[in-house]
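Asks:
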Amino acid sequence: MTAREEELIWCEVRLDDVAGVVGSYELWKDGPWYHRVDWHRVCEAFDGFLQRNAVDGVVTDLPARLREVEERLGQREREGLRALVLEPITITQVQLTNGGHRLAAMWQQGVRVVPGLFCRGDVGASITPDQVYPTPQTVPRISRS
Numbered sequence: 255m256t257a258r259e260e261e262l263i264w265c266e267v268r269l270d271d272v273a274g275v276v277g278s279y280e281l282w283k284d285g286p287w288y289h290r291v292d293w294h295r296v297c298e299a300f301d302g303f304l305q306r307n308a309v310d311g312v313v314t315d316l317p318a319r320l321r322e323v324e325e326r327l328g329q330r331e332r333e334g335l336r337a338l339v340l341e342p343i344t345i346t347q348v349q350l351t352n353g354g355h356r357l358a359a360m361w362q363q364g365v366r367v368v369p370g371l372f373c374r375g376d377v378g379a380s381i382t383p384d385q386v387y388p389t390p391q392t393v394p395r396i397s398r399s
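Counting in our numbering, the sequence shown runs from 255 upward without gaps.
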């Protein structure tokens, strides 16, 4: 892989596309912190931030620039946001690499689009070009059913 292919980029993960992996994830922990996070607020805030600030999937100086989002969230949601940034979600239609428990909690709350971190080389294989931030706003963000 070239250095460009190894570059990490933010992409939207459409949970309906990976439902087979997320839906079968076993939640074996009772009452963990990630079930108390309002993932709708966290994902909407981070998604909006990435829509405004990402250039071809990359956000320079992310920790400093993310403060604007953190200031609008409560303590529990700030913890969820930090988890998305420090331990990013990486999932494809066949493999969950990171974030399974959080994804299962998001799925249960009806969240359908989650920011995830991927290698640029995944675009065209695991990720489609329209999933790289900023993205076209064509996918429902929340399931109301």
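Note that CB positions come from ideal geometry on N, CA and C, so glycine has one too.
From a predicted model like this one, the values you see are computed outputs, not experimental measurements.
Measuring straight from C-alpha to C-alpha, what distance separates Asn260 and Cys373?
Replies: The sequence given here places Glu at residue 260; Asn does not occur at that position. C-alpha separation (whole angstroms): 5 Å.
Asks: Does the structure place the region 295-315 close enough to the region 345-354 that three or more beta carbon pairs sit under 8 Å?
Replies: The answer is no - the region 295-315 does not touch the region 345-354, with fewer than three Cβ pairs under 8 Å.
Asks: Since Pro369 and Glu266 should fall inside the 8 Å C-beta cutoff, what is the C-beta to C-beta distance between them, to a whole number of angstroms?
Replies: The Cβ separation is near 6 Å, so the contact holds.
Asks: So, helix, strand or coil for Glu259, using DSSP?
Replies: The answer is helix: DSSP assigns Glu259 an H, G or I state.
Asks: Which residues mark the beginning and the end of the alpha helix (DSSP H) in which Leu371 is found?
Replies: Premise fails: Leu371 lies in the beta strand (DSSP E), Val367 to Cys373, not in any alpha helix (DSSP H).
Asks: So what's Leu340 in DSSP terms, helix, strand or just coil?
Replies: Helix, per DSSP.
Asks: So, at 8 Å on beta carbons, what are the nonlocal neighbours of Pro330 in its own chain, with the 5 sequence-adjacent residues on each side left out?
Replies: In the sequence as presented, Pro is not what sits at residue 330; that position holds Arg. So the qualifying residues of the chain are Trp287, Arg290, Val291 and Asp292.
Asks: Give the DSSP-derived three-state secondary structure of Leu320 in the structure shown.
Replies: Coil, per DSSP.
Asks: Do you know how far the Cα of Leu371 is from the Cα of Pro388?
Replies: One C-alpha to the other measures close to 13 Å.
Asks: Could you tell me which residues DSSP pairs with Val402 in its beta bridges?
Replies: Outside the displayed range of the chain (255 to 399) lies residue 402, so it cannot be described from this structure.
Asks: Is Trp361 closer than 7 Å to Leu304 when the C-beta atoms are compared?
Replies: Not in contact: Leu304 and Trp361 (Cβ atoms no closer than 7 Å).
Asks: Between Ala379, Val296, Arg258 and Thr346, which lies nearest to Leu269 when the distance is taken from Cα to Cα?
Replies: Of the candidates Ala379, Val296, Arg258 and Thr346, the one whose C-alpha sits nearest the C-alpha of Leu269 is Thr346.
Asks: Under a Cβ-count criterion, where at least 16 other Cβ atoms within 10 Å of its own Cβ denotes burial, should Thr344 be classed as buried or exposed?
Replies: Its Cβ being crowded by 16 or more others within 10 Å, Thr344 is buried.
Asks: Step through the CB atoms of chain D and report whether any lies within less than 7 Å of the CB of Leu357.
Replies: Although the question refers to chain D, the structure presented lacks it and comprises just one protein chain.
Asks: Residues bridged to Val386 by DSSP?
Replies: Bridge partners of Val386: Cys265.
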